[in-house]
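Student: Residue numbers (this note's numbering): 7 to 280. First, the structure itself, so that you have it in front of you.
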Amino acid sequence: MTYCVGIKLDAGLVFLSDSRTNAGLDQISTYRKMMVYEKTGDRFMVLLSAGNLSISQSVREILQVEKLDNGDEPPITIWNATSMFDAARVLGSAVRRVYDQDGPSLKQAGVDFNASMILGGQINGEAMRLFLVYSAGNFIEATRETCYFQVGESKYGKPVLDRMITPHTALDEAAKCALVSMDSTLKSNLSVGLPLDLLVYEANTFQSQQMVCIDERNPYFAMIRSTWGQRLRQVFESIDDPQWDGSAAEHPLCVPSDRYEPMRKITHPGEKIV
């Protein structure tokens, strides 16, 4: 499995992916899940992928040359699309092309067509945009209310993103939050693993030099892992324990609910709760 996150902010975009794939306990491998498409001054796009590795690799290969019919105009590709929406359409078409080629054989072999992707970036002439593309080739776009997408093992790293990320978050803070999100995932799921790829894109630059591959020896990520765990324990220990004896407390636990009664016990075989 894998974990990838893409974040859209007023100041730019943040992308983070792991690189672990597995087909069982004795088939652990490293494959990059991030692809960068850059035409300096014109367009900048990042693709993150999760799911079946063979499907993802086929989609990425086809995406480079995929063309959408555009009537009397030249076909649309990711290299000449005038909007990120059209670029997402090209990606969706590439996904469906792979499904048409491999879907029946995969189904016959009992393998699900499983792939989900995040595509984000900016094309000259419009604002930055971020899309989540499903295995059917359809997609949704990030909004100010939901300004990030995750694919893969998303549940472990979601809480910190929900609490910390808004469109106004600074790029460096968002990168830090993404790394904390990844650390939470690494801590709880062995199918996600190092090295990581982190990329930060500043709005309207149409290029990025802020890219790094993070392995187990990276000092900053080691600090994140150590500090986050320590501070979580400190905050946890600073919270009052629940008081069950009814004694005076600043935040009492055993108070009656206006609507619900406490659970009742069953004390003999003939007793019914309802």
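Ideal Cβ placement from N, Cα and C applies to all residues, glycine included.
Nearest to Asn28 by CA position, among Trp85, Thr8, Met41, Gln63, is which residue?
Tutor: Position 22 of the sequence shown holds residue 28. Of the listed residues, the one whose Cα sits closest to Asn28 is Thr8.
Student: Touching or not, the stretch 53-70 and the stretch 93-113, by the rule of three or more beta carbon pairs under 8 angstroms?
Tutor: Segments in contact, yes.
Student: Ser232 lies in the alpha helix (DSSP H); which residues open and close that run?
Tutor: Against the sequence shown, residue 232 aligns to sequence position 226. Unbroken alpha helix (DSSP H) run through Ser232: 225-244.
Student: Can you tell me where the alpha helix (DSSP H) with Gln249 in it begins and where it stops?
Tutor: The residue labelled residue 249 in the question sits at position 243 within the sequence shown. First-last for Gln249: undefined, no H or E at that position.
Student: Just verifying my parser: in three-state terms, what is the DSSP assignment at Lys14?
Tutor: By one-based count along the sequence shown, residue 14 stands at place 8. Residue state, collapsed to three classes: strand.
Student: State the Cα-Cα distance for the pair Val139 and Ile124, rounded to the nearest angstrom.
Tutor: Sequence index remark: in the sequence shown, residue 139 carries index 133 (1-based). Sequence index remark: in the sequence shown, residue 124 carries index 118 (1-based). Cα-Cα distance, rounded: 6 angstroms.
Student: Judging by CA-CA distance, which residue of Ala176, Pro225, Leu200, Ser64 is the nearest neighbour of Gln107?
Tutor: Numbered from 1 along the sequence shown, position 101 holds the residue referred to as residue 107. For the residues Ala176, Pro225, Leu200, Ser64, the minimum Cα distance to Gln107 belongs to Ser64.
Student: Which residue's Cα is closest to the Cα of Glu147: Gly131, Gly163, Gly127?
Tutor: Position 141 of the sequence shown, counted from the start, is the residue given in the question as residue 147. Comparing Cα positions, the closest option is Gly127.
Student: Considering Ile68, what are the terminal residues of the alpha helix (DSSP H) in which it resides?
Tutor: Taking the first residue of the sequence shown as position 1, residue 68 is located at position 62. Ile68 -> alpha helix (DSSP H) spans 59-69.
Student: For Thr36, which residues from the same chain have a beta carbon less than 6 angstroms from its beta carbon, with the 5 sequence-adjacent residues on both sides left out?
Tutor: If you number the sequence shown from 1, residue 36 lands on position 30. Closer than 6 angstroms at the Cβ level, and outside the excluded window around Thr36, lie Ser25.
Student: Would the beta-carbon of Ile220 fall within 8 angstroms of that of Leu202?
Tutor: In the sequence shown, residue 220 corresponds to position 214, counting from 1. In the sequence shown, residue 202 corresponds to position 196, counting from 1. Yes, the pair counts as a contact, with Cβ atoms nearer than the cut-off.
Student: Expressed to the nearest angstrom, what Euclidean distance is found between the alpha-carbon atoms of Val280 and Ile272?
Tutor: Along the sequence shown, one-based indexing puts residue 280 at 274. Along the sequence shown, one-based indexing puts residue 272 at 266. When rounded, the distance between both Cα atoms is 11 angstroms.
Student: Say whether the stretch 177-190 touches the stretch 8-24, bearing in mind that this needs 3 or more beta-carbon pairs closer than 8 angstroms, one atom from each stretch.
Tutor: These segments touch.
Student: Is any heavy atom of the ligand NAD found at a distance shorter than 7 angstroms from the C-beta of Gly163?
Tutor: With respect to the ligand NAD, the structure offers nothing, as it holds no ligand at all.
Student: Does DSSP classify Asp203 as helix, strand or coil?
Tutor: Along the sequence shown, one-based indexing puts residue 203 at 197. Note: Asp203 maps to strand in three-state DSSP.
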